[in-house]
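Numbering (mature numbering (1 follows the signal peptide of the UniProt record, and there is no 0)), first residue to last: -23 to -1, 1 to 469. C-beta atoms are modelled at their ideal positions from N, C-alpha and C, and glycine is treated no differently. All remarks here apply to the structure that follows.
Dropping the structure here:
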């Protein structure tokens, strides 16, 4: 009876909306309150207006892969640590929410191969360029030109979205930006693509692989498109949010006045109705179970075969396609202790000059090591001297063993770790996922199978919001349009 009553109430709401000429959706469900879910809730409200009720389901903590860990009464980033200067959606969120960029604290970087440093940064820009040229010729310039060409085309997405255009699949989105070249970059490796433009194998092994290991935990065999997005982050200026990057997620949900429901969504059932479909969402938490009906549902959490918490979809014909693939586990350990500088060839810790260490394929037990700053950086803050106890962030494919910690640190006070299913395992794919699972059922995370970053997720969130809006009002001229550069120019 209760089920029938809720269905009757939902149908009555739709009929009343149609009778009054108010065709906007009544209720929208978003599954996941990470940056994708928070951003899509914000964008959906922007397009549909404040009268639409938006329920955001989150089984864990708001922020998702934007998270912090407390060490010695200070908070440090344990998830995504920084953003590229060209992350326009993230920049817009920070401005809109009245947040600030965190004060940057300088530090030198180096690349370690398990025995020696193959490349060391200095405090002098021209000397750094000379060292790159001396070791690798003009490979670094060829890499920069390749990445800039990719990024210049990728930046077209902001113009398309500003004009209200959306894409129903990842392939359509990539084709609109870089035609078949972008689509082919999801099939060809970073190494193959860079060798083709004249980058040497040595530069790929020493430098490119180190950057990809630090960002994705993967090698230069990963697809070129995802690799280009990662390498762009290594070349541009980076920034993060004062107080913690997760403030963007909580801020967007508060701004949207979204109803956050702390529960796990278990089932989405298609309720057959005349006209627009209705989706019955079931969920559970420690209190019990619940359910409700929604006009639009956005899945803003990974949805793939290896995910044990995959949502069950019922009543769909044909059945909902689940993405074939797996995620790359990444462990972030925050270690408060004394670095073992001898392991890196510096017996005297006072002489150790680096705040950030990237690694090539060896050593295999860790990918990157950073002397990190807290999320609140005061004007008087300074980095600890190398001989002092500091907080180090260690990225590794597996939890660090005690013996491995002893390799990296002379001694330590505490170790706190966060285990993430951080990124998809990027490899060549026969087909790219689609954002549209059903008429008004969307998969926001489809785009991360082509490239994965916080800003890419925000781009996907904007695309899904526009897609839902355009499909709801049947504005099909704004979906999957060809030759958008020409169309956008004529609209200006």
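Backbone CA spacing between residue i and residue j [nearest angstrom]
{"i": "residue 324", "j": "residue 50", "result": "31 Å"}
{"i": "residue 332", "j": "residue 316", "result": "11 Å"}
{"i": "residue 294", "j": "residue 423", "result": "21 Å"}
{"i": "residue 6", "j": "residue 76", "result": "27 Å"}
{"i": "residue 88", "j": "residue 217", "result": "23 Å"}
{"i": "residue 18", "j": "residue 230", "result": "7 Å"}
{"i": "residue -3", "j": "residue 443", "result": "A caution first: residue -3 carries a pLDDT of 41, below 50, which makes its placement in the model too unreliable to give a value."}
{"i": "residue 26", "j": "residue 445", "result": "13 Å"}
{"i": "residue 254", "j": "residue 58", "result": "40 Å"}
{"i": "residue 343", "j": "residue 371", "result": "7 Å"}
{"i": "residue 56", "j": "residue 180", "result": "28 Å"}
{"i": "residue 161", "j": "residue 219", "result": "38 Å"}
{"i": "residue 135", "j": "residue 366", "result": "44 Å"}
{"i": "residue 211", "j": "residue 205", "result": "10 Å"}
{"i": "residue 133", "j": "residue 362", "result": "44 Å"}
{"i": "residue 14", "j": "residue 41", "result": "9 Å"}
{"i": "residue 296", "j": "residue 245", "result": "12 Å"}
{"i": "residue 121", "j": "residue 156", "result": "21 Å"}
{"i": "residue 453", "j": "residue 252", "result": "17 Å"}
{"i": "residue 53", "j": "residue 45", "result": "5 Å"}
{"i": "residue 441", "j": "residue 419", "result": "7 Å"}
{"i": "residue 287", "j": "residue 369", "result": "34 Å"}
{"i": "residue 341", "j": "residue 264", "result": "44 Å"}
{"i": "residue 464", "j": "residue 154", "result": "13 Å"}
Candidates the options: closest to residue i by CA position
{"i": "residue 447", "options": "244, 141 and 13", "result": "141"}
{"i": "residue 292", "options": "266, 247, 318 and 254", "result": "247"}
{"i": "residue 48", "options": "171, 465 and 395", "result": "395"}
{"i": "residue 328", "options": "138, 319 and 258", "result": "319"}
{"i": "residue 385", "options": "334, 431 and 290", "result": "334"}
{"i": "residue 10", "options": "35, 20, 413 and 24", "result": "35"}
{"i": "residue 85", "options": "208, 346, 43 and 457", "result": "346"}
{"i": "residue 138", "options": "439, 365, 451 and 464", "result": "439"}
{"i": "residue 309", "options": "375, 431, 62 and 462", "result": "375"}
{"i": "residue 169", "options": "144, 429, 348 and 123", "result": "123"}
{"i": "residue 425", "options": "201, 279, 83 and 3", "result": "279"}
{"i": "residue 276", "options": "415, 61, 60 and -1", "result": "415"}
{"i": "residue 174", "options": "413, 163, 201 and 195", "result": "201"}
{"i": "residue 131", "options": "112, 147, 37 and 151", "result": "151"}
{"i": "residue 22", "options": "2, 191 and 466", "result": "2"}
{"i": "residue 146", "options": "128, 449, 421 and 106", "result": "421"}
{"i": "residue 299", "options": "364, 408, 195 and 81", "result": "408"}
Per-residue DSSP class, three states only, for residue i
{"i": "residue 111", "result": "helix"}
{"i": "residue 264", "result": "coil"}
{"i": "residue 352", "result": "coil"}
{"i": "residue 216", "result": "strand"}
{"i": "residue 290", "result": "strand"}
{"i": "residue 314", "result": "strand"}
{"i": "residue 543", "result": "This structure does not reach residue 543, given that the chain is present from -23 up to 469, and the question cannot be answered."}
{"i": "residue 45", "result": "strand"}
{"i": "residue 85", "result": "strand"}
{"i": "residue 437", "result": "helix"}
{"i": "residue 143", "result": "strand"}
{"i": "residue 326", "result": "helix"}
{"i": "residue 391", "result": "strand"}
{"i": "residue 31", "result": "strand"}
{"i": "residue 239", "result": "coil"}
{"i": "residue 166", "result": "strand"}
{"i": "residue 381", "result": "helix"}
Residue i: CB within 8 Å of a non-hydrogen atom of the ligand COA
{"i": "residue 97", "result": "Of the ligands one can find in the structure shown there are none, so the ligand COA has no counterpart to examine."}
Those residues which DSSP pairs with residue i across a bridge
{"i": "residue 396", "result": "308"}
{"i": "residue 471", "result": "Limits of the chain in this structure are -23 at one end and 469 at the other, which puts residue 471 out of reach."}
{"i": "residue 347", "result": "333 and 370"}
{"i": "residue 401", "result": "304"}
{"i": "residue 96", "result": "88"}
{"i": "residue 192", "result": "The partner list for residue 192 (beta bridge, DSSP) is empty, contrary to what the question assumes."}
{"i": "residue 275", "result": "7 and 419"}
{"i": "residue 281", "result": "300"}
| With a cut-off of 8 Å, do at least 3 Cβ pairs link the segment 265 to 281 to the segment 364 to 380? | No, the segment 265 to 281 is not in contact with the segment 364 to 380.
*Determine, using beta-carbon pairs with one atom in the segment 291 to 308 and one in the segment 399 to 418, whether at least three such pairs fall under 8 Å.*
Result yes; three or more Cβ-Cβ pairs closer than 8 Å.
Practice prompt. Report yes or no: do the segment 183 to 193 and the segment 222 to 230 share at least 3 C-beta pairs separated by less than 8 Å?
Written response: The segment 222 to 230 and the segment 183 to 193 do not touch, with fewer than three beta-carbon pairs separated by less than 8 Å.
The segment 58 to 75 in contact with the segment 425 to 443 per 3-pair CB rule at 8 Å:
Here the segment 58 to 75 makes contact with the segment 425 to 443; the two share three or more CB pairs at distances below 8 Å.
Decide yes or no for the touch test of the segment 225 to 241 against the segment 15 to 35: beta carbon pairs closer than 8 Å, at least 3 of them. A contact exists between the segment 225 to 241 and the segment 15 to 35.
| message | Assess contact between the segment 384 to 396 and the segment 114 to 126, defined as three or more Cβ pairs (one per stretch) separated by less than 8 Å. Is contact present? | response | Output reads no: the segment 114 to 126 does not touch the segment 384 to 396.
ask   = Quick one: any contact between the segment 95 to 109 and the segment 344 to 357, if contact means 3 or more CB pairs under 8 Å?
value = The segment 95 to 109 is not in contact with the segment 344 to 357.
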